[in-house]
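Those protein sequences? They're chains X and R, same order as listed. Using our numbering, read the first sequence as starting at 700 and increasing by one per residue. Using our numbering, read the second sequence as starting at 98 and increasing by one per residue.
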Amino acid sequence: MSTRQQPLAPRGAPGGGAATRHDELARSLGWFSIGLGLLELTAARGLCRALGLRGRETLIRAYGIREVATGVAILTSHDPTPWILGRVGGDVIDLATLATGFEDDNPKTINLAAAAAAVAGVTVLDVICAQGLIGQKRLSPPGAFDYSTRSGFPRPARTMRGAASDFEPPADFRIPEPLRPWPPDRM
Amino acid sequence: MKALVWHGTRDIRCDTVPDPVIEEGRDAIIKVTSCAICGSDLHLYDHFMPGMKSGDILGHEAMGEVVEVGKDNTALKVGDRIVVPFTITCGQCEQCRRGNFSVCERSNRNKALGDTAFGHTTAGLFGYTHLTGGYAGGQAEYLRVPFADSTHVKVPDGISDEKLLFLSDVFPTGWQGAVQCDIQPTDTVAIWGCGAVGQMAIRSALLLGAKRVIAIDRVPERLQMAEAGGAEVIDYNTESNIVGRLNDMTDGNGPEKCIDAVGLEAHAMGAVDAVYDRAKQAMLLETDRAHVLRQMIMVCRPAGVLSVPGVYGGLIDKFPIGALMNKGLTVRTGQTHVNRWTRDLLRRIEDGQIDPSFVITHTIGLEDGPEMYRVFRDKQDGCIKVVIRP
């Protein structure tokens, strides 16, 4: 029996928790998403002014709603993976929106470039997190473990058919006699 | 003592907690020699089951040596070696007297919660939410066993823990799953899920005389273990149309008996209804994913039997009641009436008819428990069944 006896490699949160570093990163990104979203919702005008994106306040607020919803979903869902992947998609939209601001008449292109660099950095974290979460659920390839002899029977399985025929099922676990299928010769 | 403690979604820790004490006269305290992580513990790890509180000790598969006995407990004495059934049973209520131990009317000390959640309370369970009593579980160095004069299986010395431990849950659960099918020698039995319960159900169906057993899963090593136990297998990584495949394998008739050993966290990549379930679950519009139940109803031969040992906790959607009704299917469900089966199953272990330890893939200490929950949940490292030696 290939029973693991060695201590597991130290992984997970301090204190012996079950979360991996990718789980922890997902939680951090969830909180970040909520924080950024609230900022976009409450300070859209100031953000647009600082980035030279005047007239896009409504769009930024919509992005804020998206960020808050995604963050809440990451923190509360049973599996954050699809929501982290959603964040990657959101990052692409954010970068595309920032790219539209790089025009000759925009005096805030330095701020814009800094914002784009920040979003790109977060995108890298999102991608790392998504890859990690997906990777830790990837199944082993066929043949990685050999359980072909683990029948639990003392003889080949095919010879064990009906070996418990001495067992009498309780009446309440049987189909009532009047409801049983008729034997073929009665039809 | 050390124990595995639930602190929140995917947050389980090996903590130091107070030792249990005798609270009622019928109690006993055992020193846990072996316990296990059950597939249904993963529903708590992922927090699909409501009713958990931070600080709850997990675990409902345990055995050990009695170290203290309450004043009214005349059935046990210090030094007895016992397996602890996961269902806590008073042994005296009407349901217990009928052998319906998993719906004991007295052992859930949070009866009002149980009544609210399920209409009527069910039995208290170890380490399995406050809906079923909020009792401390057995993934610990010591365990308080309430109603211990009824809630125990005395086991002899000379047989290893590994062979006996699964009398606490997965062996009788797989066995009951098969017995509920009322298997006839002409029956084909299809079993969804090749985790520990599914593996036990495969072997139980074979022992009970099924003509064919067909097992369905997506994890290679689980399918290999199912084949070792005498099953034909369907790998739904490569076969997306399970209903069609099962019909093909049975001359278009469908299997006469179907067993759901999966429960509420069914994985089915790509299936439309599975995507729908995922979306509704993410939006908190349903609690359980019913992919397996739908397939069983659609593929089962008319007048057949559906057996559901897999755990469900709340509400599902798109349940094909029309097919269920018009095909005249019988549905049998329930947590396991453990004590109803253990005397017989212990004899089969003693006689060497079956050795349930075949399913153990990992043996660890308590301190590795949190990490192993994740490994088990993610089906990594060939993990099928984890035994913990506290």
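Just so it is clear, CB atoms sit at the ideal spot from N, CA and C, and this is done for glycine as well. Since the model is a prediction, treat every value here as computed from it, not as a measurement.
Sequence-distant residues of the same chain with beta carbon closer than 8 Å to residue i, five excluded per side
{"i": "ARG197 (chain R)", "result": "Looking at the sequence provided, one finds Asn at residue 197 (chain R) rather than Arg. Once the five neighbours on either side are set aside, the close Cβ partners of ASN197 (chain R) are HIS434."}
{"i": "LYS174 (chain R)", "result": "VAL163, VAL166"}
{"i": "PRO467 (chain R)", "result": "LEU101, ILE109, ARG110, CYS111"}
{"i": "ALA708 (chain X)", "result": "For ALA708 (chain X), the pLDDT reaches just 39, beneath the cut-off of 50, and the residue's location in the model is therefore unreliable, leaving the point undetermined."}
{"i": "ARG710 (chain X)", "result": "Note on ARG710 (chain X): pLDDT 40, under 50, position unreliable in the model; no value is reported."}
Buried or exposed by the 16-neighbour rule on C-beta atoms within 10 Å, applied to residue i
{"i": "GLY788 (chain X)", "result": "exposed"}
{"i": "MET469 (chain R)", "result": "buried"}
{"i": "PHE145 (chain R)", "result": "buried"}
{"i": "PHE844 (chain X)", "result": "buried"}
{"i": "MET223 (chain R)", "result": "The amino acid occupying residue 223 (chain R) in the given sequence is Phe; Met does not appear at that position. Answer is buried; the Cβ neighbour count reaches 16."}
{"i": "LEU801 (chain X)", "result": "Per the sequence shown, residue 801 (chain X) should be read as Phe rather than Leu. So PHE801 (chain X) ends up on the exposed side."}
{"i": "SER701 (chain X)", "result": "Annotation note: pLDDT 41 at SER701 (chain X) (below 50); position unreliable, coordinate value reported separately. Its Cβ having fewer than 16 others within 10 Å, SER701 (chain X) is exposed."}
{"i": "ASP374 (chain R)", "result": "buried"}
{"i": "GLU324 (chain R)", "result": "buried"}
{"i": "LEU95 (chain R)", "result": "As displayed, chain R neither begins before 98 nor continues past 487, which places residue 95 (chain R) out of reach and without an answer."}
{"i": "PRO147 (chain R)", "result": "exposed"}
{"i": "ASN205 (chain R)", "result": "buried"}
{"i": "GLN189 (chain R)", "result": "exposed"}
{"i": "ALA798 (chain X)", "result": "exposed"}
{"i": "LEU381 (chain R)", "result": "exposed"}
{"i": "TRP289 (chain R)", "result": "buried"}
{"i": "ALA237 (chain R)", "result": "buried"}
{"i": "GLU876 (chain X)", "result": "exposed"}
{"i": "LYS260 (chain R)", "result": "buried"}
{"i": "PRO117 (chain R)", "result": "buried"}
{"i": "ASP793 (chain X)", "result": "buried"}
{"i": "TRP103 (chain R)", "result": "buried"}
{"i": "ASN207 (chain R)", "result": "buried"}
Given residue i as reference, the closest of the options once Cα atoms are compared
{"i": "CYS111 (chain R)", "options": "R:ARG486, R:LEU463, R:CYS480", "result": "R:LEU463"}
{"i": "ASP254 (chain R)", "options": "R:ARG178, R:ILE126, R:GLN281, R:THR458", "result": "R:ARG178"}
{"i": "ASP475 (chain R)", "options": "X:THR799, X:ILE833, X:VAL821", "result": "X:ILE833"}
{"i": "VAL791 (chain X)", "options": "X:ILE764, X:ALA819, X:GLU766", "result": "X:ALA819"}
{"i": "ASP385 (chain R)", "options": "R:VAL316, R:VAL294, R:VAL175, R:LYS415", "result": "R:LYS415"}
{"i": "ALA387 (chain R)", "options": "R:ALA358, R:ARG398, R:ALA400", "result": "R:ALA358"}
{"i": "MET160 (chain R)", "options": "R:TYR142, R:GLY188, R:ASP266, R:VAL294", "result": "R:ASP266"}
{"i": "THR66 (chain R)", "options": "R:GLN296, R:LEU210, R:VAL252", "result": "Residue 66 (chain R) is absent from the model: chain R starts at 98 and stops at 487."}
{"i": "LEU735 (chain X)", "options": "X:THR757, X:LEU758, X:PRO841, X:GLU766", "result": "X:GLU766"}
{"i": "HIS777 (chain X)", "options": "R:GLY271, R:HIS140, R:ILE356, R:MET297", "result": "R:HIS140"}
{"i": "GLN321 (chain R)", "options": "R:ILE481, R:GLU121, R:ASP153", "result": "R:ILE481"}
{"i": "VAL155 (chain R)", "options": "R:GLY211, R:ASN170, R:GLY230, R:GLY122", "result": "Residue 155 (chain R) is actually Leu in this sequence, not Val. Nearest C-alpha to LEU155 (chain R): R:GLY230."}
{"i": "CYS291 (chain R)", "options": "R:HIS364, R:ASN207, R:PRO115", "result": "R:HIS364"}
{"i": "MET395 (chain R)", "options": "R:GLU353, R:GLU329, R:ASP478", "result": "R:GLU353"}
{"i": "THR430 (chain R)", "options": "R:ALA275, R:GLY176, R:LYS168", "result": "R:ALA275"}
{"i": "ARG445 (chain R)", "options": "X:ASP871, X:PRO853, X:ALA813", "result": "X:PRO853"}
{"i": "ILE299 (chain R)", "options": "R:ARG315, R:GLU329, R:GLU318", "result": "R:GLU329"}
{"i": "THR796 (chain X)", "options": "X:ARG755, X:LEU738, X:ARG873, X:THR769", "result": "X:ARG755"}
{"i": "ALA742 (chain X)", "options": "X:TYR762, X:SER727, X:GLU723", "result": "X:TYR762"}
{"i": "ALA813 (chain X)", "options": "X:VAL823, X:LEU750, X:LEU738, X:SER850", "result": "X:LEU750"}
{"i": "GLY271 (chain R)", "options": "R:SER404, R:HIS217, R:ILE126", "result": "R:SER404"}
{"i": "MET297 (chain R)", "options": "R:THR106, R:GLY351, R:GLY152, R:ILE356", "result": "R:ILE356"}
{"i": "SER137 (chain R)", "options": "R:ASP314, R:VAL242, R:PHE473", "result": "R:PHE473"}
{"i": "ASP169 (chain R)", "options": "R:GLU120, R:GLY234, R:ASN338", "result": "R:GLU120"}
{"i": "ARG857 (chain X)", "options": "R:SER301, R:PHE244, R:GLY351", "result": "R:SER301"}
{"i": "ARG760 (chain X)", "options": "X:ILE733, X:GLY785, X:PRO781", "result": "X:ILE733"}
{"i": "CYS135 (chain R)", "options": "R:GLY351, R:ASP153, R:ARG123, R:HIS157", "result": "R:HIS157"}
{"i": "PRO351 (chain R)", "options": "R:GLU362, R:ILE339, R:GLN378", "result": "Note that residue 351 (chain R) is Gly in the sequence shown here, rather than Pro. Of the candidates R:GLU362, R:ILE339, R:GLN378, the one whose C-alpha sits nearest the C-alpha of GLY351 (chain R) is R:ILE339."}
Own chain residues within Cβ distance below 6 Å of residue i, not counting five before or after
{"i": "ARG342 (chain R)", "result": "ILE331, GLU336"}
{"i": "SER847 (chain X)", "result": "none"}
{"i": "LEU774 (chain X)", "result": "GLY729"}
{"i": "THR460 (chain R)", "result": "VAL484"}
{"i": "THR427 (chain R)", "result": "VAL402"}
{"i": "THR822 (chain X)", "result": "ASP790"}
Other residues of its chain near residue i: CB distance less than 7 Å, five sequence neighbours each side excluded
{"i": "ALA725 (chain X)", "result": "ILE773, PRO779, ILE783, CYS828, LEU832"}
{"i": "PRO269 (chain R)", "result": "THR433, VAL435, TRP438, THR439, LEU442"}
{"i": "THR219 (chain R)", "result": "SER199, VAL200, ASN205, GLY211, THR229, GLN432"}
{"i": "ASP370 (chain R)", "result": "HIS388, ARG391, LYS415"}
{"i": "MET887 (chain X)", "result": "Outside the displayed span of chain X (700 to 886) sits residue 887 (chain X), for which this structure offers no information."}
{"i": "THR347 (chain R)", "result": "THR285"}
Partners in chain A for residue i, counting only beta-carbon separations shorter than 8 Å
{"i": "ILE874 (chain X)", "result": "This model lacks chain A altogether; the protein chains it does include are X and R."}
Distance cut-off 7 Å: residue i Cβ against heavy atoms of the ligand COA
{"i": "LEU774 (chain X)", "result": "Inclusion of the ligand COA in the displayed structure is not the case, the ligand content being empty and no account of it being possible."}
Task: the segment 232 to 252 of chain R touching the segment 831 to 841 of chain X, judged by at least three CB pairs closer than 8 Å - done: With the cut-off at 8 Å, the segment 232 to 252 of chain R and the segment 831 to 841 of chain X do not touch.
TODO: Entirely within the segment 732 to 811 of chain X and at least 4 residues each: give me those alpha helix (DSSP H) ranges in chain order.
DONE: DSSP runs (the alpha helix (DSSP H)) wholly in the segment 732 to 811 of chain X: 743 to 750, 756 to 775, 780 to 798.
Task: At least 3 beta-carbon pairs within less than 8 Å: the segment 860 to 868 of chain X vs the segment 400 to 420 of chain R - done: Cβ pair count under 8 Å is below three, so no.
- [ ] Evaluate the contact criterion for the segment 284 to 291 of chain R versus the segment 306 to 314 of chain R: three or more CB pairs, one atom per stretch, below 8 Å.
- [x] Three or more beta-carbon pairs separated by less than 8 Å link the segment 284 to 291 of chain R to the segment 306 to 314 of chain R, which places the two stretches in contact.
Task: Every unbroken alpha helix (DSSP H) within the segment 204 to 260 of chain R, with a cutoff of 4 residues, ordered by chain - done: Whole alpha helix (DSSP H) segments, 4+ residues: 208 to 215.
- [ ] Mind listing, in chain order, the continuous alpha helix (DSSP H) runs of no fewer than 4 residues lying wholly within the segment 339 to 366 of chain R?
- [x] Counting only unbroken stretches of 4 or more residues, the alpha helix (DSSP H) elements lying wholly within the segment 339 to 366 of chain R are 339 to 346, in sequence order.
Open item on the list: My parser needs the alpha helix (DSSP H) runs of 4 or more residues fully inside the segment 124 to 201 of chain R; what are they?
Closed with: Segments of the alpha helix (DSSP H) lying fully in the segment 124 to 201 of chain R: 138 to 142, 191 to 194.
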